[in-house]
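Protein chains in written order, with our numbering: chain H, 1 to 274; chain S, 1 to 259.
Glycine residues also receive a C-beta, built at the ideal position from the N, C-alpha and C atoms.
First up is the structure itself, then whatever we jot down about it.
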């Protein structure tokens with residue numbers, strides 16, 4: 001094991017995994033409370049179109065991926081706000097369309113190879129200094145934004161209409177949150193890949209939801225679940241030689257099933273008290 | 001047009017998908033009044049409230065709250081207190097009662113800042129006003145319907161509004177709790193110099209407690225010209241309903257009807 005931790009690529013993988021699970025841990029709380037799990041799926045799959053465009057144009061797929069994901073997220077929101085389309089239908093349409101675009105882009109770029117598989121299912125052991133820098137940048141931006149608007153995001157999740165009447169800038173915050181999600185989706189692709197990203201955006205929060213009754217403890221449990229599963233998954237995947245992203249997701253899922261069996265702590269406590 | 005009017009509505013029409021929900025609504029409500037809006041289900045009561053709150057843009061007509069467009073009013077930081085019909089969308093939302101009441105302060109606090117001592121004091125004072133200080137640390141989802149109602153009224157008051165708008169506040173309450181609520185609103189109105197607007201389809205209860213009654217039905221607004229008189233119920237409900245509640249409404253109107 002000591003050998004393992006001294007390996008450069010594994011150190012980078014652990015650091016990247018830590019940052020990404022911080023992001024997933026924080027954002028998934030709001031994804032759960034705002035019932036946006038499906039939009040997470042939509043955004044991550046649309047990123048495929050952007051990533052493929054990057055291959056086609058020969059630019060860093062991160063940027064084209066972010067561009068695509070943000071545009072699709074905003075389009076979904078806009079289509080819904082216009083009242084023309086239900087949100088789930090909008091997501092279904094946009095994500096299928098951008099994946100189809102991705103397939104066409106890949107065909108045009110003639111690079112249907114291992115890289116693509118890495119983007120679909122994650123390959124955190126392959127990330128370099130540059131990607132680590134990108135992840136760090138996104139982590140700082142997203143955490144700063146969430147910290148700045150934390151109470152408003154909670155209020156929005158609670159009741160948007162009330163929040164608006166109470167003077168909270170609801171619409172800008174809705175868009176902000178979607179953009180944050182798009183950013184996190186893109187960098188999380190390094191860890192778990194496009195197909196599995198939504199796990200990171202949903203499961204930690206869902207676990208915490210099962211175990212806690214207050215937003216602060218929910219946030220804490222969600223972070224612990226995300227960081228724990230990521231580290232555990234990385235080590236386990238190394239030990240048994242499984243794909244790391246999938247192993248992380250499996251650990252998260254196992255954690256979720258355990259959490260549904262667990263009684264809620266505060267309820268137990270109040271039961272003892274009275 | 002006097003400045004003192006809390007609400008001024010002229011020729012308001014509201015459509016949803018080209019179907020009229022409100023038609024030709026004209027309305028004046030003086031400040032510091034306690035007004036009930038009555039009407040059967042689907043009469044457009046909630047829509048009227050949303051127009052007043054600025055949540056829904058009027059399809060046509062003029063709506064002024066304290067002499068200002070509601071959206072502009074909100075932007076100026078002149079906020080209104082609002083109790084929605086279904087205030088708790090997430091039954092298990094992980095926040096405490098005090099957290100919910102503090103949310104009423106968020107618009108005033110602004111981004112980046114956390115609630116300060118003054119915000120906490122205001123929230124606690126409103127909890128005390130509604131007699132639910134002892135619930136402050138309980139998860140909101142564990143409370144009974146009536147207790148939740150009080151929490152959300154405390155939240156609405158924490159905005160420090162001049163106008164308080166309640167959408168069907170009594171719908172989940174039994175008769176005694178309903179009376180309590182109306183009485184409590186009356187007390188709060190006096191204490192805080194509020195204009196209070198209560199929507200209900202419960203004719204008897206509203207007519208017993210409020211200063212004025214407005215009737216709204218089937219997109220047609222029935223009222224007496226400003227200042228709004230006691231009642232103009234004739235066209236609002238069906239005849240049988242009218243007959244039923246006439247025993248409970250003020251004497252003057254009963255006589256009018258008997259004539």
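- Going along chain H in order, which residues have a C-beta closer than 8 angstroms to the C-beta of residue 114 of chain S? 151
- Task: Would you please verify whether the beta carbon of residue 165 of chain H is less than 7 angstroms from any beta carbon of chain S?
- Result: yes
- Item | Secondary structure of residue 215 of chain S, DSSP reduced to three states | strand
- Any C-beta of chain S under 7 angstroms from that of residue 159 of chain H: yes
- Assign residue 2 of chain S to one of three DSSP states: helix, strand, or coil. Here residue 2 of chain S scores only 46 on pLDDT, less than 50, and its place in the model should not be relied on; the value that follows carries that caveat. Three-state DSSP puts residue 2 of chain S in coil, outside helix and strand.
- Task: Return helix, strand or coil for residue 29 of chain S, following the three-state DSSP convention.
- Result: It is a strand residue.
- Locate the alpha helix (DSSP H) running through residue 88 of chain H, then write down its first and last residues. 87-109
- Query: Is DSSP giving residue 127 of chain H helix, strand or coil here?
  - Reply: coil
- Query: Would you say residue 103 of chain S faces chain H, with C-beta separation under 7 angstroms as the test?
  - Reply: yes
- Query: Are the stretch 12-27 of chain H and the stretch 125-139 of chain H in contact at 8 angstroms, needing three or more beta carbon pairs?
  - Reply: A contact exists between the stretch 12-27 of chain H and the stretch 125-139 of chain H.
- Message: I want to verify the contact list: residues of chain H whose CB lies under 7 angstroms from the CB of residue 164 of chain S, in sequence order.
- Response: Near residue 164 of chain S there are no residues of chain H at all, since even the closest Cβ is about 11 angstroms away, more than 7 angstroms.
- Whose Cβ in chain S lies nearer than 8 angstroms to the Cβ of residue 82 of chain H? Under the 8 angstroms cutoff, chain S gives no residues; its nearest Cβ is about 13 angstroms from residue 82 of chain H.
- Message: For a contact defined as C-beta to C-beta under 9 angstroms, what are the partners of residue 108 of chain S on chain H?
- Response: 166 and 167
- Query: Since residue 119 of chain S is in the alpha helix (DSSP H), which residue starts that stretch and which ends it?
  - Reply: First-last of the alpha helix (DSSP H) with residue 119 of chain S: 117-129.
- Item | residue 91 of chain S versus residue 206 of chain S - alpha carbon distance | 28 angstroms
- Based on the DSSP secondary-structure assignment, which residues constitute the bridge partners of residue 167 of chain S? Residue pairing by DSSP puts residue 167 of chain S in a beta bridge opposite S:199.
- Measure the C-alpha to C-alpha separation of residue 140 of chain H and residue 26 of chain S and round it to an integer number of angstroms. 53 angstroms
- Buried or exposed (CB count within 10 angstroms, at least 16 for buried), residue 260 of chain H: That one is exposed.
- Item | Beta-carbon proximity of residue 84 of chain S to residue 167 of chain S, cut-off 7 angstroms | yes
- Does residue 155 of chain H come within less than 7 angstroms of chain S when only Cβ atoms are used? yes
- Message: Let me make sure I understand the geometry here. Which of S:212, S:65 and S:100 has the alpha-carbon closest to that of residue 152 of chain H?
- Response: S:100
- Query: What residues match up with residue 186 of chain S in a beta bridge as DSSP calls it?
  - Reply: In the DSSP output, where bridge partners are listed per residue, residue 186 of chain S has none listed.
- Item | Exposed unless 16 or more other CB atoms sit within 10 angstroms - verdict on residue 89 of chain H | exposed
- Report, in whole angstroms, the separation of the C-beta atoms of residue 20 of chain H and residue 222 of chain H, which I expect to be a contact under 8 angstroms. Not a contact, Cβ separation roughly 14 angstroms.
- So what's residue 9 of chain S in DSSP terms, helix, strand or just coil? strand
- Message: Under 8 angstroms: do the stretch 242-252 of chain H and the stretch 219-233 of chain H share three or more Cβ pairs, one atom per stretch?
- Response: The stretch 242-252 of chain H vs the stretch 219-233 of chain H: in contact.
- Query: If we count Cβ pairs, one from each stretch, closer than 8 angstroms, do we get three or more for the stretch 102-120 of chain S versus the stretch 150-169 of chain H?
  - Reply: yes
- DSSP beta-bridge partners of residue 36 of chain S: S:198 and S:213
- Is residue 159 of chain S close to chain H, meaning its C-beta is less than 7 angstroms from at least one C-beta of that chain? yes
- How about the stretch 30-38 of chain S and the stretch 188-198 of chain S: do they share at least three Cβ pairs that are nearer than 8 angstroms? yes
- Is the Cβ-Cβ distance between residue 68 of chain H and residue 47 of chain H less than 7 angstroms? yes
- Which same chain residues, not among the five before or five after residue 158 of chain S, have their C-beta less than 6 angstroms away from its C-beta? Spatial neighbours of residue 158 of chain S in its own chain (CB-CB distance under 6 angstroms, excluding positions within 5 residues in sequence) are listed in chain order as 101, 104, 105, 122, 123 and 126.
- Item | Best match in S:42, S:72 and S:41 for proximity to residue 55 of chain S [C-alpha to C-alpha] | Minimum Cα distance to residue 55 of chain S is reached at S:72.
- Query: Can you list, in chain order, the residues of the stretch 22-42 of chain H whose Cβ is nearer than 8 angstroms to any Cβ on chain S?
  - Reply: 33
- Contact list for the stretch 185-215 of chain H against chain S, Cβ threshold 7 angstroms: 212, 213, 214 and 215
- Quick one: Cα of residue 24 of chain S to Cα of residue 134 of chain S, how far? 47 angstroms
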